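Please read the structure below before turning to the comments.
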Amino acid sequence: GDSVTQMEGPVTLSEEAFLTINCTYTATGYPSLFWYVQYPGEGLQLLLKATKADDKGSNKGFEATYRKETTSFHLEKGSVQVSDSAVYFCALSDYGQNFVFGPGTRLSVLP
Amino acid sequence: DTEVTQTPKHLVMGMTNKKSLKCEQHMGHRAMYWYKQKAKKPPELMFVYSYEKLSINESVPSRFSPECPNSSLLNLHLHALQPEDSALYLCASSQVRDRGQPQHFGDGTRLSIL
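Given below as structure tokens:
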């Protein structure tokens, strides 16, 4: 079946550092890809999405590009803030399938 | 502020109690979902409703009973729960069930079983 793999962390960075969270997927079809963020005590918020190869999703300084050749959707941000501390989930949705979530990556940003 | 509203935010119940979780959305979405999330884990799908009809039940014990009274409301009825059912219960909705449609989540109900 479909699956998503991502670095579980925790990832600890200093404020203004560059962030990369790796995400790779396995899918039988041609999935859509998503990044969600979960702040403490809250539900999941959609951060960005991409529905076809080479699409770049972006939001709030975060970016990810759908790379079909490497089956990847890595999340990047040029300069993280303390307020970005959260858990980040990579997910895919394929035809006739439910969402498949990765295990989540906990990010801590220190001032 | 989320556009999917869940009540209550917290619930503590004994193993013999009956309670219900409520979820509401006014975005005109026709697909709604219940997830269970344990600490430090991703959400696990429990139920999917599409156009108010149950389309997926992921082998969830019968002590969890979903209900979709109309296109805006989703309930989860709880009865005779076990301590291992303590978790964050998340509701989500999407425009329709389609690969390109993102799901929008509520903030969840944190459930504790005594």
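Residue numbers (the working numbering), protein chains in the order written: chain Y, 1361 to 1471; chain C, 9 to 122.
Yeah, the Cβ is synthetic: ideal placement off N, Cα and C, and Gly gets one too.
The model shown is predicted, which means the values in this text are computed figures rather than measured ones.
Exercise. Is V1442/Y helix, strand or coil when you go by DSSP?
Worked result: helix
Problem set entry | Residue-chain proximity (L1435/Y, chain C), Cβ-Cβ < 8 Å | no
Exercise. Taking DSSP as the reference, what is the three-state secondary structure of E1375/Y?
Worked result: coil
For this session: Determine, using beta carbons only, whether T1388/Y comes closer than 8 Å to chain C.
Result: no
For this session: Run the CB neighbour count on Y43/C, radius 10 Å, all protein chains shown included, and call it buried at 16 or more, exposed below.
Result: buried
Exercise. What residues of chain Y sit near P110/C, judged by a beta carbon separation below 7 Å?
Worked result: F1394, L1406, K1409
For this session: Could you list the residues in the segment 30 to 55 of chain C with a C-beta less than 7 Å from some C-beta on chain Y, going in chain order?
Result: P50, P51, L53
For this session: Could you say which of T1380/Y, T1372/Y, I1381/Y, L1393/Y lies nearest to G108/C if we only look at CA atoms?
Result: L1393/Y
Exercise. Along chain C, which residues have their Cβ under 7 Å away from the Cβ of Y1455/Y?
Worked result: R107
Problem set entry | Neighbourhood of Q111/C by C-beta, 6 Å cutoff - its chain only, sequence neighbours within 5 removed | A100, S102
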